[in-house]
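According to the numbering used here, the sequence shown is numbered sequentially starting from 7. Comments concern the structure below.
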Amino acid sequence: VKQTLAAGIHEVFKIFGGTEVPEFLKDILYDIADSDDAKVTQGVAEHLSEIVFSFVNQRYEDTLCLRESQKPAVQDFTEFITNMIPRVQSNWRTHQRFLENIGEVIKYFPAEDIRNSFGPILITALHTGAVPLKITAAEIMALTLNRIHLADLRESLAEDIVHEFAASALASDRAAYMEFCIKAAETFSRERFKKSFLTPLLKLSKEKIPNMRYKFCRCLKVIRGKYLDLDYDLDQKIHDILSKLVEDDDQDVREIAEDIQFS
């Protein structure tokens, strides 16, 4: 029964249209989410965004311009999402879909919830997830930072990312930082990316592991494409880094560095 409810409860939310969602329906949703059945968890994870969309649409006509003062109405779902995380982590595909759903609805949540609840969820996924999950987490993290309009909260999360990943002793964490930087460079303004993430990234050019230097070059290719001819000092730094990498002991590193240098 719970499996059936989990797969279709988002449709029940839609039925209420412009009316208030009754408390008993929320209670059913939370009860379903407490299940240890993997199929139940998957059903809720797959349809999280539809549930939140339905809830928000019942209250506000203009969901694209939801004001910060209106966002506490969805705070019930912050705790719900946080409590779901231990259940979705056992299957990386379900976990990945759950993060994608969070990315679709994150704009409806208050900045404090995004920073203090969703930020740590994404940091954990970047630390421990399978590679496809980490790529998704990196993309949603970049989107998350862009959705935090309060500068102090945004900068606080940015500092956590640098500390947790760029400065980590684990190569897997530093690789996750590079993946994040690729997504962040595609999402942020040049000034915001340069201010928060670029200097720690450039320090990773001296990685000891060849595959890590290759990953760095892959990341640098995206960054240089965005900043070329826009910042002379930065372009000179990148030129100096590439001059060393084109003489790298590893052939793959040399080839990608040459490709970047002469593109």
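Note that beta-carbon positions come from the ideal geometry of N, C-alpha and C, so glycine has one too.
Item                                                                                                                                                                                                 : Value
Is I127 helix, strand or coil when you go by DSSP?                                                                                                                                                   : helix
In chain order, what residues of the same chain have a beta carbon less than 6 angstroms from the beta carbon of F171, not counting five sequence neighbours either side?                            : D179, A182 and Y183
Measuring straight from C-alpha to C-alpha, what distance separates I229 and A190?                                                                                                                   : 10 angstroms
Short check: CB of Q102 to CB of P138, under 8 angstroms?                                                                                                                                            : yes
From the DSSP output, in three-state form, read off L149 for me.                                                                                                                                     : helix
Which term fits N89, buried or exposed, when burial requires 16 or more other beta carbons within 10 angstroms of its beta carbon?                                                                   : exposed
Nearest-angstrom Cα distance between E118 and R196?                                                                                                                                                  : 25 angstroms
Expressed to the nearest angstrom, what Euclidean distance is found between the alpha-carbon atoms of K20 and L163?                                                                                  : 34 angstroms
Whole-angstrom Cβ separation of I112 and F124, contact assumed at under 8 angstroms?                                                                                                                 : 6 angstroms
How do the segment 152-168 and the segment 212-228 stand: do at least 3 beta-carbon pairs fall below 8 angstroms, yes or no?                                                                         : no
Tell me which residues share the same chain as Q81 and place their Cβ nearer than 8 angstroms to its Cβ, disregarding the 5 neighbours each side in the sequence.                                    : F115, P116 and D119
Ordered along the chain, which non-local residues of its own chain (more than five positions away) have a Cβ less than 6 angstroms from that of S202?                                                : A164
Taking the alpha helix (DSSP H) that N122 belongs to, which residues open and close that run?                                                                                                        : First-last for N122: undefined, no H or E at that position.
Would you give the residue range spanned by the alpha helix (DSSP H) that D42 belongs to?                                                                                                            : Looking at the DSSP string, D42 is not in any alpha helix (DSSP H), and its letter there is neither H nor E.
For F104, verify whether its CB is less than 7 angstroms away from any heavy atom of the ligand ATP.                                                                                                 : Questions concerning the ligand ATP fall outside what the structure shown contains, since it holds no ligand whatsoever.
Report the CB separation of A271 from F186 in whole angstroms; it is logged as a contact under 8 angstroms.                                                                                          : Residue 271 lies beyond the range of the chain shown here (7 to 269); nothing can be said about it.
Find the nearest neighbour of I146 within the set I154, Y238 and E106, judged by alpha-carbon distance.                                                                                              : E106
Give every residue of the same chain whose Cβ lies closer than 7 angstroms to the Cβ of R121, excluding the five residues on either side of it in the sequence, and list them in chain order.        : I154, L159, S162 and L163
When the Cα of G109 is compared with those of H245, T47, E264 and H53, which residue comes out closest?                                                                                              : H53
T69 to V94, Cα distance in whole Å?                                                                                                                                                                  : Per-residue confidence for T69 stands at a pLDDT of 46, beneath the threshold of 50, marking its modelled position as unreliable; the derived number appears in the next sentence. Roughly 28 angstroms between the two C-alpha positions.
Starting from the C-beta of A173, find all residues in its chain whose C-beta is less than 8 angstroms away, skip the five residues before and the five after it, and write them out in chain order. : P206
Considering only residues of the same chain and omitting the five flanking positions on each side of D254, which have a CB-CB separation below 7 angstroms?                                          : R219, R260 and A263
For V58, tell me which candidate among S96, L226 and F86 has the shortest Cα-Cα distance.                                                                                                            : F86
Using the C-alpha atoms, what's the distance from L149 back to K140?                                                                                                                                 : 14 angstroms
For P138, does the three-state DSSP call read helix, strand or coil?                                                                                                                                 : helix
Could you give the uninterrupted runs of the alpha helix (DSSP H) lying entirely in the segment 147-196, keeping only those of 4 residues or more?                                                   : 157-167 and 177-193
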